[in-house]
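Student: Quick one: this structure, given as structure tokens, is what I'll be asking you about.
Numbering (the working numbering), first residue to last: 69 to 430.
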């Protein structure tokens, strides 16, 4: 029943965004189904780890050292709530925040929810800390797109708080700070491209010599040496090609979307697309980390919702300019990138047994 309801809802969202129609009921139904996927599936991978960490946070096998997440656990335990209630609270609050943001910026909910249902929500159900922190990131990026300096401190605080929930989010803070100097970066883009290439080579050498365990351990968010060693026992080899291709694909699509929006009068949507294109351009400095270890591909997965928002703005422009062929190509590119992410997860994370079967009961 779950799988039928889920895919019927996904198809309805696809129908409405393809035909430029709007429904108030379908997005609400989508949120309900997303909430079920995120909350109710107790047999997905990592659920037992989160549960045991909540029950006994000092257990070295399940311990998490990210101070923000530890604080949230402590707060909810003081209140007297169990893990299921803790998880339900953040599932509901996070989805309501996302729904509010998308409505505030006048985004096509059907477009975002359709593509999010194909991949993003399924992975968020597994990596719950990422999901909680990503809500702060999405809100911060939406603020950053206003290009208003008065929000810079608040944006840094939001990204900083997100990094206390999961250490890896410090990468987004670094990219954000660098992106504020985009005009300067454009003048030195060749130098930056050379530096990225050099760091990639250093990454390959360091990977072979095992020099990055401490850094990667911080990315996992645990100080337990056994778990770190186990988590990074499989090196990247040529696996970095997947996230690199996806990153490049998203960047090309954002570049096209930004070009499409140039003729539009100044608006938030135009500013958002421009900012995200710049953000993902600067984010190429992260690509050497894909070479060190493919676990850093999560940087891209966290960016899925912000990227989908930009693509939905571009999709509206295709309707305005009556470019049906261009729109079809864009949608196919988006589907192709989603399928590539899916294939990567299937090969890398054994999604069938650890994720799909528990969620959809297949």
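Where a beta carbon is used, it is the ideal one built from N, C-alpha and C, also for glycine.
(1) Quick check: the stretch 320-334 against the stretch 152-162, are there 3 or more CB pairs under 8 Å?
(2) Please determine if the stretch 224-233 and the stretch 199-210 are in contact, where contact requires at least 3 C-beta pairs separated by less than 8 Å.
(3) Is residue 90 helix, strand or coil when you go by DSSP?
(4) Looking at residue 315 and the ligand COA, is the gap between the Cβ and the nearest heavy atom below 7 Å?
(5) Please identify the residue among 171, 195, 363, 99 whose C-alpha is closest to the C-alpha of residue 381.
(6) Going by C-alpha distance, which of 191, 114, 246 is nearest residue 102?
(7) Exposed or buried, residue 150, counting other C-beta atoms within 10 Å across all chains shown (16 or more means buried)?
(8) Which ranges does the beta strand (DSSP E) cover as unbroken runs of at least 3 residues, wholly within the stretch 150-217, from first to last along the chain?
(9) Closest Cβ-Cβ distance between residue 138 and chain B: below 8 Å?
(10) Note down the Cα distance separating residue 38 from residue 188, rounded to an integer number of angstroms.
(11) With contact counted as at least three CB pairs below 8 Å, one residue from each stretch, are the stretch 343-354 and the stretch 204-224 in contact?
(12) Hey, quick one: how far does the alpha helix (DSSP H) through residue 346 stretch, first residue to last?
(13) When the distance is taken between beta carbons, is residue 183 closer than 8 Å to residue 376?
(14) Inspect the CB distances between the stretch 89-97 and the stretch 106-120 and report whether three or more fall short of 8 Å.
(15) Smallest Cα separation from residue 75: which of 196, 318, 185?
(16) Return yes when the Cβ of residue 200 is within less than 8 Å of the Cβ of residue 158, no when it is not.
(17) Quick check on this structure: which residue in 317, 362, 367, 138 has the alpha carbon closest to the alpha carbon of residue 400?
(18) Under a three-way DSSP split, which group does residue 221 fall into?
(19) By the three-class DSSP mapping on this structure, what secondary structure does residue 132 have?
(20) Just curious, the alpha helix (DSSP H) that residue 236 is in, first and last residue?
(21) In the DSSP assignment, the alpha helix (DSSP H) including residue 326 goes from what residue to what residue?
(22) Determine the direct distance from the alpha carbon of residue 398 to that of residue 339, and round the result to whole angstroms.
(23) What number of angstroms, rounded off, separates the C-alpha of residue 79 from the C-alpha of residue 336?
(24) Start and end of the alpha helix (DSSP H) containing residue 356?
(25) Do the CB positions of residue 352 and residue 358 come within less than 8 Å of each other?
(26) Roughly how many angstroms lie between the CA atoms of residue 86 and residue 127, to the nearest whole one?
(27) I'd like the list of long-range same chain contacts for residue 308, defined as Cβ closer than 7 Å, with 5 residues on each side in sequence excluded.
(28) Kindly list the residues whose CB is nearer than 7 Å to the CB of residue 84, restricted to its own chain and excluding five residues on each side of it in sequence; keep chain order.
(29) Between which two residues does the alpha helix (DSSP H) containing residue 120 stretch?
(30) Is residue 330 closer than 8 Å to residue 405 when the C-beta atoms are compared?
(31) Measuring CA to CA, which of 132, 322, 356 is closest to residue 311?
(32) On the three-state DSSP scale, how would you describe residue 126?
(33) If you follow the alpha helix (DSSP H) that residue 367 is part of, which residue opens it and which one closes it?
(34) Just mark residue 385 as buried or exposed, buried being the case when its beta carbon has 16 or more other beta carbons within 10 Å.
(35) Would the beta-carbon of residue 196 fall within 8 Å of that of residue 118?
(36) Report the three-state DSSP secondary structure of residue 332 (helix, strand or coil).
Tutor: Looking at the coordinates:
(1) no
(2) yes
(3) Taking the chain shown and counting its residues from 1, the one referred to as residue 90 is at position 22. Three-state result, residue 90: coil.
(4) What this structure holds is no ligand at all, so the ligand COA is not there to describe.
(5) Position 313 of the chain shown, counted from the start, is the residue given in the question as residue 381. The shortest Cα separation from residue 381 among 171, 195, 363, 99 belongs to 171.
(6) Working through the chain shown from its first residue, we reach residue 102 at position 34. Ranking the options by Cα distance to residue 102, first place goes to 191.
(7) For the purposes of this step, residue 150 is identified with residue 82 of the chain shown, where counting begins at 1. It is exposed - the Cβ of residue 150 has fewer than 16 other Cβ atoms within 10 Å.
(8) none
(9) The question asks about chain B, but that chain is absent: this structure has only one protein chain.
(10) No answer is possible for residue 38: it lies beyond the span of the chain, which begins at 69 and ends at 430.
(11) yes
(12) Working through the chain shown from its first residue, we reach residue 346 at position 278. Here the alpha helix (DSSP H) through residue 346 covers 336-350.
(13) Residue mapping note: residue 376 aligns to position 308 of the chain shown, counting from 1. Residue mapping note: residue 183 aligns to position 115 of the chain shown, counting from 1. Yes, these two residues count as a Cβ contact at 8 Å.
(14) no
(15) Counting from 1 along the chain shown, the entry for residue 75 is found at position 7. Comparing Cα positions, the closest option is 185.
(16) The residue labelled residue 158 in the question sits at position 90 within the chain shown. The residue labelled residue 200 in the question sits at position 132 within the chain shown. Yes, the Cβ-Cβ distance between residue 158 and residue 200 is below 8 Å.
(17) Locating residue 400 in the chain shown gives position 332, where the first residue counts as 1. The candidate whose alpha carbon is nearest that of residue 400 is 317.
(18) As a working mapping, residue 221 is identified with position 153 in the chain shown. Reduced to three states, the DSSP call for residue 221 is helix.
(19) Along the chain shown, read from residue 1 onward, the residue named residue 132 stands at position 64. It is coil, neither helix nor strand.
(20) Here residue 236 corresponds to residue number 168 of the chain shown, with the count starting at 1. Careful: residue 236 lies outside any alpha helix (DSSP H) and carries neither H nor E.
(21) Within the chain shown, numbered from 1, the residue matching residue 326 stands at position 258. Unbroken alpha helix (DSSP H) run through residue 326: 309-329.
(22) Against the chain shown, residue 339 aligns to sequence position 271. Against the chain shown, residue 398 aligns to sequence position 330. Taking the straight line from one Cα to the other gives about 20 Å.
(23) By one-based count along the chain shown, residue 79 stands at place 11. By one-based count along the chain shown, residue 336 stands at place 268. Roughly 29 Å separates the two Cα atoms.
(24) Within the chain shown, residue 356 is the residue found at index 288, counting from 1. Element bounds for residue 356: 355-360.
(25) Reading the chain shown from its first residue, position 284 is the one you call residue 352. Reading the chain shown from its first residue, position 290 is the one you call residue 358. It is not a contact, given that the beta carbons lie outside the stated cut-off.
(26) Sequence index remark: in the chain shown, residue 86 carries index 18 (1-based). Sequence index remark: in the chain shown, residue 127 carries index 59 (1-based). The straight-line gap from Cα to Cα measures roughly 50 Å.
(27) Reading the chain shown from its first residue, position 240 is the one you call residue 308. 358, 359, 362.
(28) Position 16 of the chain shown, counting from 1, holds the residue named residue 84. These residues qualify, in order along the chain: 90, 91, 94, 178.
(29) For the purposes of this step, residue 120 is taken as the residue at position 52 of the chain shown. Unbroken alpha helix (DSSP H) run through residue 120: 115-123.
(30) The count along the chain shown starts at 1 and reaches residue 405 at position 337. The count along the chain shown starts at 1 and reaches residue 330 at position 262. In this structure, residue 330 does not lie closer than 8 Å to residue 405 by Cβ.
(31) On the chain shown, residue 311 is found 243 positions in, with the first residue counted as 1. Per the Cα distances, 356.
(32) Residue mapping note: residue 126 aligns to position 58 of the chain shown, counting from 1. Coil, per DSSP.
(33) Translated into positions along the chain shown, residue 367 becomes position 299. Element bounds for residue 367: 366-370.
(34) Position 317 of the chain shown holds residue 385. Residue 385 should be labelled buried.
(35) By 1-based counting over the chain shown, the position of residue 196 is 128. By 1-based counting over the chain shown, the position of residue 118 is 50. Contact: yes.
(36) As a first step, residue 332 is located in the chain shown; it is residue number 264 there, counting from the start. Note: residue 332 maps to coil in three-state DSSP.
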